[in-house]
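**Q** Residue numbers (my numbering), protein chains in the order written: chain H, 1 to 279; chain V, 1 to 282; chain L, 1 to 272.
This is the structure, below, for whatever I ask next.
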Amino acid sequence: MNTATASRAPRVDPQARRRLATTLAALVVAWPMLVLSDFQPWRLFDRDSLAVLGGFLGAFLPPETAPDFLRLLARATLETLAMATAGTALAFAIGAPLAILGTRALSISRIGPGPLRWRGAALRQMVRSLLMVLRAIPEIVWALLFVRALGLGPAAGVLALAITYGGMLGKVYAEILESTDTRPARALLEGGGGRLAALCYGLLPSTAQELVSYTVYRWECAVRASVVMGFVGAGGLGQLMDQSMKMLNGGEASSILLVFLGLVLLADLLSTFLRRLFA
Amino acid sequence: MSFRLDAVGVVHPNGQRALAALSLAAMAGERVAVIGPSGAGKTTLLRVLGAALRPAEGDVRVLDAAPWDSSAGALKALRARIGTVHQAPPIAPRLRVVTAVLSGRLGRWSTARALRSLLHPSDIEGAHEVMSRLALEDRLFERCDRLSGGQFQRVGVARALYQRPDLLLADEPVSALDPTLADATLGALVAQGEATGATLVASLHAVDLALRWFPRIVGLREGRVAFDRPATEVTPALLQALYASEGGPATQAPPPPGSDAMPGLPGLPAAADARGLRSVCR
Amino acid sequence: MNAERRPLPALPARPAPCLRCRVVLLAVLAAVVASFVYLGLGFGALLSAESLGHMGRFVAEFFPPDLAPDFLRKVGTGALQTLAVSALGTLLAALAGMLLALPASGRAGRPARRMARFTLNVLRSVPELVWAAVMVLAAGIGPFAGALALALHTTGVLGRLFGETLENVPPEPEAALALSGAGPVAAFAYASLPLALPQWVAYTLYRWEMNIRMAAVLGFVGGGGLGQLLYFHLSIFQQAQAMTVLIAMFAIVAVVDAASARLRRGLGPAYA
Chain H
1 MNTATASRAP
11 RVDPQARRRL
21 ATTLAALVVA
31 WPMLVLSDFQ
41 PWRLFDRDSL
51 AVLGGFLGAF
61 LPPETAPDFL
71 RLLARATLET
81 LAMATAGTAL
91 AFAIGAPLAI
101 LGTRALSISR
111 IGPGPLRWRG
121 AALRQMVRSL
131 LMVLRAIPEI
141 VWALLFVRAL
151 GLGPAAGVLA
161 LAITYGGMLG
171 KVYAEILEST
181 DTRPARALLE
191 GGGGRLAALC
201 YGLLPSTAQE
211 LVSYTVYRWE
221 CAVRASVVMG
231 FVGAGGLGQL
241 MDQSMKMLNG
251 GEASSILLVF
261 LGLVLLADLL
271 STFLRRLFA
Chain V
1 MSFRLDAVGV
11 VHPNGQRALA
21 ALSLAAMAGE
31 RVAVIGPSGA
41 GKTTLLRVLG
51 AALRPAEGDV
61 RVLDAAPWDS
71 SAGALKALRA
81 RIGTVHQAPP
91 IAPRLRVVTA
101 VLSGRLGRWS
111 TARALRSLLH
121 PSDIEGAHEV
131 MSRLALEDRL
141 FERCDRLSGG
151 QFQRVGVARA
161 LYQRPDLLLA
171 DEPVSALDPT
181 LADATLGALV
191 AQGEATGATL
201 VASLHAVDLA
211 LRWFPRIVGL
221 REGRVAFDRP
231 ATEVTPALLQ
241 ALYASEGGPA
251 TQAPPPPGSD
261 AMPGLPGLPA
271 AADARGLRSV
281 CR
Chain L
1 MNAERRPLPA
11 LPARPAPCLR
21 CRVVLLAVLA
31 AVVASFVYLG
41 LGFGALLSAE
51 SLGHMGRFVA
61 EFFPPDLAPD
71 FLRKVGTGAL
81 QTLAVSALGT
91 LLAALAGMLL
101 ALPASGRAGR
111 PARRMARFTL
121 NVLRSVPELV
131 WAAVMVLAAG
141 IGPFAGALAL
151 ALHTTGVLGR
161 LFGETLENVP
171 PEPEAALALS
181 GAGPVAAFAY
191 ASLPLALPQW
201 VAYTLYRWEM
211 NIRMAAVLGF
221 VGGGGLGQLL
231 YFHLSIFQQA
241 QAMTVLIAMF
251 AIVAVVDAAS
261 ARLRRGLGPA
271 YA
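Below you can see the structure in the form of structure tokens.
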């Protein structure tokens with residue numbers, strides 16, 4: 001046992017200074033953050049806004065059930081579903097070909113490697129960059145732009161979904177195709193088969209389930225996104241809710257919210273069912 | 001009277017009997033070693049003594065109190081006077097040694113002091129003094145997961161020493177240490193007992209250590225007390241009978257090479273549920 | 001050769017066609033077609049020369065983006081505001097999530113667990129934009145509403161993840177401390193919190209990254225920042241200014257992506 005070192009040892013926490021510095025730095029950063037985001041929690045308890053909010057929330061119960069409104073609600077729901085489905089379908093039409101172009105699993109020039117390998121690599125890189133650009137801007141921004149260009153209505157939402165989700169589907173499809181065992185596909189390509197044959201007979205059998213699973217998951221997200229895009233004018237439940245809220249009609253808003261939550265739940269169930277079916 | 005167990009019986013949830021009509025008592029300041037083959041019930045016995053496990057049968061009195069008939073507050077106060085050294089120290093790996101050692105006295109500190117000590121350790125001197133008794137004072141501000149297995153086990157011992165309990169229970173406290181260190185660490189535990197008048201009960205698998213440091217040896221076999229004698233009266237025949245199923249008693253051998261990794265805690269299962277993070281589809 | 005030819009063995013019976021798969025596939029195709037029909041998307045009209053010309057003119061109005069220093073300063077402030085909104089929202093959500101994670105992990109009994117989980121689910125299910133629309137009523141138009149909206153939704157997400165982390169934390173360290181007499185708060189802070197905190201911090205940082213994108217967009221319903229700027233300039237048909245804002249949005253997201261990849265490789269500091 002060491003008794004000699006007992007008196008000399010440092011008695012100061014070496015971390016103490018650094019912790020103090022970090023705390024001060026955090027405070028220095030926190031101040032502008034609070035100022036920029038207009039942090040005034042007492043505004044929440046301001047009498048007028050409490051009255052407005054209270055009135056709105058108070059009208060939540062009972063939810064609006066007038067038959068005219070319910071008809072409107074049903075139409076909006078169908079519109080949202082249609083928007084999500086059409087958007088995902090278009091996204092598939094965009095993403096799938098791009099994925100086939102951009103995946104290394106179907107590259108013929110990589111076998112060997114063959115001649116002009118750099119050309120294949122360059123093409124794949126361009127496709128990847130294109131997919132990234134498609135994904136980079138949130139779909140709601142596209143929706144806003146398309147509403148300005150094409151007017152109010154679901155068309156804007158469908159196109160917005162097609163673009164962003166096309167990018168996402170393309171990227172994930174390419175990754176799924178590359179992450180599986182590519183030897184069957186390569187064997188077909190080495191035997192002189194075409195890319196589509198290699199895809200259908202070599203890659204799809206092992207990846208079909210995952211591809212379908214992800215596509216259905218994207219559709220489920222599209223349902224949610226369609227409602228959100230409605231807030232900028234792309235129709236469906238979102239536009240209806242935006243209108244109800246602007247008129248401070250709490251009853252209508254709560255009906256729409258309930259339908260939305262139910263829709264999301266249904267989409268989740270449907271997606272689970274479909275995914276299990278293809279397992 | 002430090003503790004008294006009367007016909008205590010414990011049955012594991014899976015139906016196996018851990019202790020059967022076990023009776024044991026000790027006076028304050030005694031040093032008792034509990035030895036026996038694996039599965040004899042040593043850990044269970046220590047847990048009953050530490051008011052951690054309520055026996056199905058029998059009577060338990062620890063430090064002049066009946067733990068299972070006390071109020072929650074009284075039980076908490078009682079537990080603050082009982083220190084346990086676990087075989088695999090149950091200490092969060094990212095904690096620094098100083099904080100791990102100081103957590104021994106959480107039973108006596110107010111919540112405010114406890115939380116303040118997380119930001120800045122509130123008794124560095126005390127922790128340092130305890131660590132120097134175990135020759136580890138130069139590791140005081142290191143993270144626990146940067147220590148070797150033996151060093152980490154000694155941190156567990158340091159924590160119990162820092163607590164200054166009236167009853168010190170040690171479950172295989174030196175299993176990861178080489179013979180020299182094991183000897184020295186037991187020496188520190190014994191010294192603390194003598195200095196504070198605490199009772200020391202240790203379960204050991206190395207019989208030679210037990211005989212060397214403890215004047216009273218309790219042999220456990222299949223949940224019962226096989227013998228309870230002064231160390232001078234423990235014969236090789238007794239030991240052979242005790243360890244018959246294991247082919248004879250063991251001594252403290254140096255830990256096998258490669259066992260320097262940290263004993264104990266599994267980490268958290270790896271990363272995020274990606275779907276949960278992406279819950280709103282991004 | 002006229003040698004006897006053995007008759008070929010009979011072909012094995014064809015496996016039964018997966019009727020369910022075909023039905024589902026047909027149903028999916030029908031749904032897709034029906035969607036297009038229902039929406040009445042006249043893609044013919046959309047791709048007509050006139051409409052394409054119209055779109056082309058619309059796109060041309062975005063270039064060149066307005067780069068006047070005054071406006072750039074405004075966009076810069078908007079970008080900082082977006083970052084501040086995302087940071088404040090995520091921070092509030094992390095704190096609230098930690099609080100809700102305790103009952104949600106079962107530490108306060110089953111009924112509390114159910115209630116906590118229900119609350120977290122509701123918070124999560126409502127999209128941030130809807131929360132923002134409600135928060136605008138409560139706190140007025142501006143970045144504070146956006147921050148609150150982010151905080152509410154993200155609490156649902158983080159609270160659930162934090163709770164799951166807590167459930168997976170090994171209970172031995174906290175039990176050992178309780179056994180030496182420590183109170184519940186102290187035992188939690190010295191044993192379970194250091195085990196859970198690194199994972200919690202990782203989740204929070206990851207979610208912050210996503211929230212930056214979201215904060216940019218919440219401005220569309222009045223949540224301040226770049227979104228509000230974009231919405232404003234688009235509504236008064238100032239496409240050139242809108243383009244600048246779009247570029248700023250894109251730049252922020254790109255920078256955050258790069259920074260987070262680098263940060264994630266760093267090791268965390270000691271706990272206490």
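All residues carry an ideal CB built from backbone N, CA and C; glycine is no exception.
Predicted model, so just to flag it, every value in this text is computed and none were measured.
#1: Check whether the stretch 212-227 of chain L and the stretch 126-140 of chain L are in contact - that is, three or more C-beta pairs closer than 8 Å.
#2: If you scan the stretch 209-256 of chain H from start to end, which runs of the alpha helix (DSSP H) of 4 or more residues do you find wholly inside it?
#3: Measuring CA to CA, which of H:Thr23, H:Asn249, H:Leu277 is closest to Leu119 (chain V)?
#4: Mind checking who Ile300 (chain V) pairs with in its DSSP beta bridge?
#5: Pick from H:Val228, H:Asn249, H:Met247: whose alpha carbon is nearest that of Pro138 (chain H)?
#6: Shortest alpha-carbon distance to Ser117 (chain V) belongs to which of H:Leu72, H:Ser254, H:Ala16?
#7: Let's see if you can read the secondary structure: which residues bound the alpha helix (DSSP H) around Phe220 (chain L)?
#8: Alpha carbon to alpha carbon, how far is Ala176 (chain V) from Gly193 (chain V)? Give it in angstroms, no decimals.
#9: Would you report the Cα separation of Pro67 (chain H) and Ser244 (chain H), rounded to the nearest angstrom?
#10: Counting only C-beta atoms, is Thr251 (chain V) closer than 7 Å to chain L at any point?
#11: When the cut-off is 7 Å and only beta carbons count, does Leu267 (chain L) lie next to chain H?
#12: Apart from the five residues just before and just after Glu30 (chain V), which ones in its own chain have a Cβ nearer than 7 Å to its Cβ?
#13: Compare the Cα-Cα distances from Gly95 (chain H) to each of H:Thr180, H:Gly191, H:Met168, H:Arg19 and report the closest residue.
#14: Is the beta carbon of Val245 (chain L) less than 7 Å from the beta carbon of Val75 (chain L)?
#15: Jot down the residue ranges of each uninterrupted alpha helix (DSSP H) in the stretch 125-199 of chain V, minimum 4 residues, whole runs only, in chain order.
#16: Where does the unbroken beta strand (DSSP E) through Leu19 (chain V) begin, and where does it stop?
#17: Quick one: Cα of Arg143 (chain V) to Cα of Pro93 (chain V), how far?
#18: When Cβ atoms are compared, which residues of the stretch 139-159 of chain V fall closer than 7 Å to chain L?
#19: My output table needs one value for Ile94 (chain H): the three-state DSSP class, helix, strand or coil.
#20: What did DSSP end up calling Ser117 (chain V) once you bin it into helix, strand or coil?
#21: Check whether the Cβ of Ala59 (chain H) sits closer than 6 Å to any heavy atom of the ligand ADP, and report yes or no.
#22: Using only alpha-carbon positions, find the residue among L:Gln241, L:Ala101, L:Ala13, L:Leu67 that is nearest to Gly159 (chain L).
#23: In chain order, what residues of the same chain have a beta carbon less than 7 Å from the beta carbon of Leu134 (chain V), not counting five sequence neighbours either side?
#24: Terminal residues of the continuous beta strand (DSSP E) containing Leu5 (chain V)?
#25: Given that Arg207 (chain L) touches chain H, what residues does it touch there, using C-beta distances under 7 Å?
#26: Report, in whole angstroms, the separation of the C-beta atoms of Leu39 (chain L) and Ala149 (chain H), which I expect to be a contact under 8 Å.
#27: Report the neighbours of Asp13 (chain H) on chain V: residues whose CB is nearer than 8 Å to its CB, in chain order.
#28: Considering just the uninterrupted stretch of the alpha helix (DSSP H) at Phe278 (chain H), what are its terminal residues?
#29: Glu57 (chain V) bridges to which residues according to DSSP?
#30: Flag Arg276 (chain H) as yes if its beta-carbon sits less than 7 Å from any beta-carbon of chain L, otherwise no.
#31: Who are the neighbours of Ser105 (chain L) on chain V, taking C-beta pairs under 9 Å?
#32: In chain order, which alpha helix (DSSP H) runs of at least 4 residues are fully inside the stretch 26-97 of chain L?
#33: I'd like to know if the stretch 60-69 of chain V and the stretch 233-253 of chain V are in contact, where contact means that at least 3 CB-CB pairs between them fall below 8 Å.
#34: Taking Leu41 (chain L) as the query, report the chain H residues whose CB atoms sit under 8 Å from its CB, ordered along the chain.
#35: Taking Met98 (chain L) as the query, report the chain H residues whose CB atoms sit under 7 Å from its CB, ordered along the chain.
#36: Assuming the contact rule is C-beta atoms closer than 8 Å, Leu106 (chain H) and Ala185 (chain H) should be a hit. Round their C-beta distance to whole Å, please.
**A** Considering the structure as presented:
#1: yes
#2: 236-246
#3: Along the second sequence, read from residue 1 onward, the residue named residue 119 (chain V) stands at position 119. For Leu119 (chain V), the nearest C-alpha among the options comes from H:Thr23.
#4: Not covered by the structure: residue 300 (chain V). The range shown for chain V is 1 to 282.
#5: Here residue 138 (chain H) refers to the residue found at position 138 of the first sequence. Of the candidates H:Val228, H:Asn249, H:Met247, the one whose C-alpha sits nearest the C-alpha of Pro138 (chain H) is H:Val228.
#6: Indexing the second sequence from 1 puts residue 117 (chain V) at position 117. Taking only the C-alpha atoms, the option nearest Ser117 (chain V) is H:Ala16.
#7: Taking the third sequence and counting its residues from 1, the one referred to as residue 220 (chain L) is at position 220. Taken as a continuous stretch (DSSP letters only), Phe220 (chain L) belongs to no alpha helix (DSSP H), as it is neither H nor E.
#8: For this step, residue 193 (chain V) is matched to residue 193 along the second sequence. For this step, residue 176 (chain V) is matched to residue 176 along the second sequence. C-alpha separation (whole angstroms): 22 Å.
#9: Position 67 of the first sequence, counting from 1, holds the residue named residue 67 (chain H). Position 244 of the first sequence, counting from 1, holds the residue named residue 244 (chain H). Each residue's Cα considered, the two are about 16 Å apart.
#10: As a working mapping, residue 251 (chain V) is identified with position 251 in the second sequence. So no, Thr251 (chain V) is outside the interface.
#11: Here residue 267 (chain L) corresponds to residue number 267 of the third sequence, with the count starting at 1. Legend: pLDDT at Leu267 (chain L) = 43, less than 50; position of this residue unreliable, no value from coordinates given.
#12: In the second sequence, counting from the first residue as 1, residue 30 (chain V) sits at position 30. Excluding residues within five positions, the ones whose Cβ falls inside 7 Å are Ser2, Thr199, Arg216.
#13: Position 95 of the first sequence, counted from the start, is the residue given in the question as residue 95 (chain H). Gly95 (chain H) has its Cα closest to that of H:Met168, out of H:Thr180, H:Gly191, H:Met168, H:Arg19.
#14: For this step, residue 245 (chain L) is matched to residue 245 along the third sequence. For this step, residue 75 (chain L) is matched to residue 75 along the third sequence. Yes, the pair counts as a contact, with Cβ atoms nearer than the cut-off.
#15: 149-163, 179-196
#16: Taking the first residue of the second sequence as position 1, residue 19 (chain V) is located at position 19. That run of the beta strand (DSSP E) goes 17-26.
#17: Here residue 143 (chain V) corresponds to residue number 143 of the second sequence, with the count starting at 1. Here residue 93 (chain V) corresponds to residue number 93 of the second sequence, with the count starting at 1. If you take the alpha carbons of Arg143 (chain V) and Pro93 (chain V), they lie about 7 Å apart.
#18: Arg143
#19: Within the first sequence, the letter at position 94 stands for residue 94 (chain H). Helix, per DSSP.
#20: The count along the second sequence starts at 1 and reaches residue 117 (chain V) at position 117. Helix.
#21: For the structure depicted, the ligand ADP is absent and the ligand set is empty, with no information on it obtainable.
#22: The residue you call residue 159 (chain L) lines up with position 159 of the third sequence. Residue L:Ala101 is the option with its Cα nearest to Gly159 (chain L).
#23: One-based indexing of the second sequence puts residue 134 (chain V) at position 134. Taken in chain order, the residues that qualify are Arg154, Val157, Ala158, Thr185, Ala188.
#24: As a first step, residue 5 (chain V) must be located in the second sequence, where it is residue number 5. Here the beta strand (DSSP E) through Leu5 (chain V) covers 3-11.
#25: One-based indexing of the third sequence puts residue 207 (chain L) at position 207. Chain H residues near Arg207 (chain L): none, gap ~16 Å exceeds 7 Å.
#26: Taking the third sequence and counting its residues from 1, the one referred to as residue 39 (chain L) is at position 39. Taking the first sequence and counting its residues from 1, the one referred to as residue 149 (chain H) is at position 149. The Cβ separation is near 17 Å, so there is no contact.
#27: Here residue 13 (chain H) corresponds to residue number 13 of the first sequence, with the count starting at 1. What Asp13 (chain H) touches in chain V: Val98, His120, Pro121, Ile124, Phe141.
#28: Stepping through the first sequence from its first residue, residue 278 (chain H) is reached at position 278. Careful: Phe278 (chain H) lies outside any alpha helix (DSSP H) and carries neither H nor E.
#29: Translated into the one-based positions of the second sequence, residue 57 (chain V) becomes position 57. For Glu57 (chain V), which the question treats as bridged, DSSP gives the partners V:Gly9.
#30: Sequence index remark: in the first sequence, residue 276 (chain H) carries index 276 (1-based). Answer no: the Cβ-Cβ gap between Arg276 (chain H) and chain L never drops below 7 Å.
#31: On the third sequence, position 105 is the one that residue 105 (chain L) refers to. In chain order: nothing, as chain V lies at least about 13 Å away.
#32: 43-46, 49-60
#33: no
#34: Start at 1 with the first residue of the third sequence, and residue 41 (chain L) comes out as number 41. Those within 8 Å of Leu41 (chain L) in chain H are Ala86, Pro154, Ala155, Val158.
#35: In the third sequence, residue 98 (chain L) corresponds to position 98, counting from 1. Chain H residues near Met98 (chain L): none, gap ~17 Å exceeds 7 Å.
#36: Translated into positions along the first sequence, residue 106 (chain H) becomes position 106. Translated into positions along the first sequence, residue 185 (chain H) becomes position 185. Rounded, the Cβ-Cβ distance is 6 Å, consistent with contact.
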